[in-house]
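The structure appears right after this line, and notes come after that.
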Amino acid sequence: MTVRPPQSLSPSLSRDTGLNLLEYELMSERADALGRHELKVEKAITALSVLSDPATMPERREQLLDDAADVVWAFFIQREICGLRSNRDAVQRYCIPKEVMARLGIVRRKT
(Lines of atoms letter the chains of each structure in order from A and count residues from 1; the text may use other names and numbers.)
(Lines give C-alpha, C1' and ligand atoms only; values in the text may rest on other atoms or scores of the structure.)
Protein backbone atom coordinates (compact mmCIF):
# COMPACT_ATOMS: atom_id res chain seq x y z
CA MET A 1 0.00 0.00 0.00
CA THR A 2 1.37 3.41 -0.97
CA VAL A 3 0.53 6.68 0.69
CA ARG A 4 0.47 9.98 -1.18
CA PRO A 5 0.87 13.37 0.45
CA PRO A 6 -2.13 15.70 0.21
CA GLN A 7 -2.44 17.54 -3.09
CA SER A 8 -2.27 20.86 -1.28
CA LEU A 9 1.35 20.03 -0.43
CA SER A 10 2.18 18.99 -3.97
CA PRO A 11 5.08 21.06 -5.33
CA SER A 12 3.43 21.51 -8.76
CA LEU A 13 0.49 23.36 -7.23
CA SER A 14 2.50 25.53 -4.88
CA ARG A 15 4.42 27.31 -7.66
CA ASP A 16 3.06 29.63 -10.31
CA THR A 17 4.07 28.23 -13.64
CA GLY A 18 3.86 30.07 -16.91
CA LEU A 19 0.86 27.97 -17.87
CA ASN A 20 -1.00 28.86 -14.67
CA LEU A 21 -0.36 32.55 -15.20
CA LEU A 22 -1.46 32.38 -18.83
CA GLU A 23 -4.67 30.53 -17.89
CA TYR A 24 -5.40 33.18 -15.25
CA GLU A 25 -4.97 35.95 -17.84
CA LEU A 26 -7.20 34.15 -20.34
CA MET A 27 -9.93 33.67 -17.73
CA SER A 28 -9.69 37.34 -16.85
CA GLU A 29 -10.06 38.39 -20.49
CA ARG A 30 -13.03 36.07 -20.99
CA ALA A 31 -14.78 37.53 -17.95
CA ASP A 32 -14.06 41.09 -19.10
CA ALA A 33 -15.42 40.36 -22.59
CA LEU A 34 -18.53 38.81 -21.06
CA GLY A 35 -19.09 41.98 -19.03
CA ARG A 36 -18.77 44.16 -22.13
CA HIS A 37 -21.30 41.99 -23.96
CA GLU A 38 -23.70 42.23 -21.02
CA LEU A 39 -23.60 46.03 -21.25
CA LYS A 40 -24.34 45.88 -24.96
CA VAL A 41 -27.33 43.60 -24.32
CA GLU A 42 -28.67 45.98 -21.68
CA LYS A 43 -28.39 48.93 -24.09
CA ALA A 44 -30.05 47.02 -26.93
CA ILE A 45 -32.94 45.88 -24.75
CA THR A 46 -33.40 49.42 -23.43
CA ALA A 47 -33.50 50.72 -27.00
CA LEU A 48 -36.40 48.35 -27.70
CA SER A 49 -38.61 50.38 -25.37
CA VAL A 50 -39.65 52.57 -28.33
CA LEU A 51 -41.37 49.55 -29.93
CA SER A 52 -44.45 50.15 -27.81
CA ASP A 53 -44.80 53.63 -29.32
CA PRO A 54 -47.28 53.48 -32.23
CA ALA A 55 -45.37 56.29 -33.98
CA THR A 56 -42.35 54.02 -34.50
CA MET A 57 -41.83 53.38 -38.18
CA PRO A 58 -41.85 49.69 -39.26
CA GLU A 59 -38.33 50.03 -40.73
CA ARG A 60 -37.03 51.42 -37.44
CA ARG A 61 -38.77 48.63 -35.55
CA GLU A 62 -37.15 45.97 -37.73
CA GLN A 63 -33.73 47.60 -37.40
CA LEU A 64 -33.95 47.71 -33.60
CA LEU A 65 -35.02 44.07 -33.41
CA ASP A 66 -32.24 42.99 -35.78
CA ASP A 67 -29.61 44.94 -33.85
CA ALA A 68 -30.80 43.49 -30.54
CA ALA A 69 -30.75 39.97 -31.99
CA ASP A 70 -27.16 40.42 -33.21
CA VAL A 71 -26.02 41.69 -29.81
CA VAL A 72 -27.78 38.90 -27.91
CA TRP A 73 -26.37 36.28 -30.29
CA ALA A 74 -22.82 37.54 -29.67
CA PHE A 75 -23.52 37.56 -25.93
CA PHE A 76 -24.67 33.93 -25.99
CA ILE A 77 -21.54 32.92 -27.90
CA GLN A 78 -19.36 34.67 -25.33
CA ARG A 79 -21.24 32.90 -22.53
CA GLU A 80 -20.48 29.55 -24.17
CA ILE A 81 -16.81 30.48 -24.44
CA CYS A 82 -16.87 31.11 -20.69
CA GLY A 83 -18.43 27.68 -20.10
CA LEU A 84 -21.99 28.83 -19.42
CA ARG A 85 -24.07 26.49 -21.57
CA SER A 86 -27.62 27.41 -20.53
CA ASN A 87 -28.95 30.78 -21.60
CA ARG A 88 -32.27 30.49 -19.81
CA ASP A 89 -31.13 32.56 -16.82
CA ALA A 90 -29.74 35.30 -19.08
CA VAL A 91 -33.02 35.51 -21.01
CA GLN A 92 -34.89 35.97 -17.74
CA ARG A 93 -32.37 38.37 -16.20
CA TYR A 94 -32.28 40.74 -19.18
CA CYS A 95 -35.96 40.24 -20.14
CA ILE A 96 -35.05 39.41 -23.72
CA PRO A 97 -38.26 39.54 -25.78
CA LYS A 98 -39.44 36.53 -27.79
CA GLU A 99 -39.26 38.63 -30.97
CA VAL A 100 -35.52 38.99 -30.43
CA MET A 101 -35.05 35.31 -29.52
CA ALA A 102 -36.78 34.28 -32.76
CA ARG A 103 -34.21 36.24 -34.79
CA LEU A 104 -31.07 34.80 -33.19
CA GLY A 105 -28.50 33.47 -35.63
CA ILE A 106 -30.19 34.81 -38.75
CA VAL A 107 -27.68 36.18 -41.23
CA ARG A 108 -29.00 39.28 -42.97
CA ARG A 109 -27.61 41.01 -46.01
CA LYS A 110 -25.96 44.34 -45.33
CA THR A 111 -27.21 46.99 -47.71
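With the sequence shown counted from 1, adding 73 to any position gets you this note's numbering. Using N, Cα and C, we set each Cβ at its ideal position, and we do this for glycine too.
I118 carries a helical assignment under DSSP once its states are collapsed to helix, strand and coil.
Relative to V180, the option among R152, D140, Y167 and G156 whose CA is nearest is D140. With respect to V173, L138 sits close: the two C-beta atoms are nearer than 8 Å.
Inclusion of W146 and L112 in the CB contact set at 8 Å is not warranted, their separation being larger than that value. Buried is the label assigned to Q151, since at least 16 other Cβ atoms lie within 10 Å of its Cβ. In this chain, the alpha helix (DSSP H) harbouring M174 covers K171 to M174.
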